[in-house]
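Just below is one structure, and these are the notes that go with it.
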Amino acid sequence: MDIRKITERVSYVGVNDRVTNKFENLWPLPHGVSYNSYLVKGSEKIALIDGVEVTYIRALRTHIENNSGGQKIDYLIVNHMEPDHSGAIPLLLDIYPEMKIIGNKITIGMLQGFYNISESQCEEVKDNDVLSLGDVSLKFIMTPLVHWPETMMTYLEEDKVLFSGDAFGCFGALNGGILDTEMNTDWYFPEMYRYYSNIVGKFGRQVQMALKKTDHLDVKYLCSTHGPVWHDRISEVIDIYNRLSLYEGEEGVTIIYGTMYGNTGEIADEIANRLCERGVKNIKVHNAGKSEMSYMISDAFRYKGLIIGCPTYNGSMFPEIDAFMKAMMVREIKNRVIALFGSYTWASAACKSMNECLEKLKMSPVATLDMRQAPSADDTKEAKRIADAVADAMGF
């Protein structure tokens, strides 16, 4: 068995990155990441679907040579121009100078801007255009802003393979296998939530449009640019992207809090304890001064309840909570059951600032606690009231 074979005509030629510490220099990669590239062999032509980050050109070239049967590459299909997929294109052109680059109008402009590649080396395609490779054809589906303006997908109808670009991707290198049928893929799903919420989260409406454009396709293999090739678990993957792009949370509550000396943290624990008493089983608690932003964003997108606690700091929010609130506003999160709690020593400001952020998101808290100095017995009761308000609103 050749583990790089997806179908008789489609091979995986991508690479693993277990070196980069942070994706986009922002999001942690504890399990690495893959840059997926695919080779499609028709009876007359060969197409390479997406490239890799420039550092991995040698590995990509080796994989292509091992799977191309010595044939030259006729076309490079660029579904997405982000440099983790397009960085190696100038070097690929050095290796395959006659290769034609296939992309939409915006892609071709970006190829010029990023790599000074001339239009004469490119061929523009539009929505539903078809490229023949002989006995098979590639159909192009424009999916703008999933998550860059040039993004598109490519469908190989004869083999029922959808090359989806960054859509349906996830963090995590490929540890041996390529297809989901060859490995235990359970651990990729939390990384899919984190990938979507961190990278794609702002573009829920555009993801919904892409899902509607592709839901009529018969897809047996879902080939993203990051993570496993999905075959057995396609429906689960699409369901996750559908729910997240609709901002539909699962049953559970995320508690995000900032604290300087532990007082706000005590209230967070009281709220978590009461939620547990009310029957909420999925409770994620993050100390914003310690937890990575990436994981806080992921849990806020995953679960229906969101409780945010913040001390007043320099007349505003604690910096890490300020950053978290801005991350929520940038991603336009909605449909959450939200509660707030704050603390202050002499002048209250945090709750007011958090409420201003929620107003921009067109959401209102179901309960608020503004605590002065250390928690009192009354504050503890109020913490339970906040938990009860959230549990009630969620139907517990």
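Here the sequence shown is numbered in this note's numbering, starting from 34 and rising by one per residue. Ideal Cβ positions, reconstructed from N, Cα and C, are used throughout, including at glycine. What you are looking at is a predicted structure, and each value in this text was computed from that prediction instead of being measured.
Can you check whether the CB of residue j is closer than 8 Å to the CB of residue i?
i      : j      : result
ARG335 : GLY282 : yes
PRO408 : GLU269 : no
VAL158 : GLY142 : no
PRO261 : ILE330 : no
TYR280 : ASN368 : yes
LYS385 : MET362 : no
GLY167 : GLU77  : yes
MET186 : THR247 : yes
ALA360 : MET326 : yes
VAL179 : TYR254 : no
ALA206 : ASN49  : yes
LEU171 : CYS155 : no
ALA420 : LEU308 : yes
ASP160 : ARG42  : no
LEU402 : PHE374 : yes
Exposed or buried, which one is residue i when buried takes at least 16 other CB atoms within 10 Å?
i      : result
GLU303 : buried
ASP83  : buried
GLU98  : exposed
LYS105 : exposed
SER31  : Examination of residue 31 is not possible in this model, given that the chain is present from 34 through 429 alone.
PHE51  : The sequence given here has Arg at residue 51, not Phe. Under this definition ARG51 is an exposed residue.
PRO398 : buried
ALA424 : buried
HIS259 : buried
THR214 : exposed
MET427 : buried
GLN239 : buried
GLU431 : Outside the shown range of the chain, which is 34 to 429, sits residue 431, and nothing can be said about it.
ALA372 : buried
GLU115 : buried
THR378 : exposed
LEU59  : exposed
TRP220 : exposed
MET358 : buried
SER44  : buried
Among all the DSSP beta bridges, which residues are the ones paired with residue i?
i      : result
PHE204 : BP columns for PHE204 are empty, so no partner.
PHE196 : THR187, CYS256
ASP50  : VAL66
MET175 : MET185
GLY136 : GLU157
PRO61  : LYS55
LYS38  : SER44
TYR108 : ALA80, LYS133
VAL240 : In DSSP, VAL240 forms no bridge with anything.
VAL163 : LYS172
LEU212 : VAL262
With a threshold of 8 Å on Cβ separation, who are the neighbours of residue i within its own chain once the five nearest residues in sequence on each side are excluded?
i      : result
LYS414 : none
HIS249 : none
ALA422 : ALA372, VAL399, ALA400
Go through its chain and collect everything with a Cβ distance to residue i's Cβ below 7 Å, but skip five positions before and after it.
i      : result
LEU62  : THR53, ASN54, LYS55, PHE56, PHE204
SER349 : ASP355, ALA382, SER386
ALA305 : ILE288, ILE316, VAL318
SER101 : LEU72, ILE79
THR218 : PRO261, ARG266
SER70  : VAL46, GLY47, LEU81, ILE82, ASP83, GLY84, VAL85, LEU93
ILE128 : ARG94
GLY65  : ASN49, ASP50, ARG51, GLY205, ALA206
TRP181 : HIS113, MET114, GLU115
LYS323 : none
TYR28  : For residue 28 there is no data in the structure shown, the boundaries of the chain being 34 and 429.
LYS74  : ARG42
Suppose the cutoff is 6 Å on Cβ atoms and the five residues either side in sequence are ignored; what does the same chain contact list for residue i look like?
i      : result
MET34  : Per-residue confidence for MET34 stands at a pLDDT of 47, beneath the threshold of 50, marking its modelled position as unreliable; the derived number appears in the next sentence. Nothing listed; no residue qualifies.
THR297 : TYR290, GLY342, PRO344, SER376
ASP162 : PHE173
SER257 : SER197, PHE201, GLY202
ILE90  : ALA121, LEU124
ILE354 : GLY291, ALA321, CYS343
ALA416 : ILE300, GLU303, ILE304
LEU109 : LEU81, MET132, ILE134
GLU86  : TYR68, ASP117, GLY120
ARG364 : GLY234, LYS235
ILE150 : LEU144
MET216 : GLY210
THR176 : THR184, MET185, MET186, ALA243
Ignoring anything shorter than 3 residues, give me the beta strand (DSSP E) runs that lie fully in the stretch 293-364, in order along the chain.
316-320, 336-346
Suppose only complete runs of 4+ residues qualify. What are the alpha helix (DSSP H) ranges in the stretch 254-296, listed by chain order?
267-278
Write down every uninterrupted run of the beta strand (DSSP E) in the stretch 395-422 whose length is 3 residues or greater and which is fully enclosed by it, in chain order.
401-405
Length-filtered (3 minimum) beta strand (DSSP E) runs lying within the stretch 69-100:
71-74, 79-82
Which complete beta strand (DSSP E) runs does the stretch 362-388 hold, if anything under 3 residues is left out?
370-377
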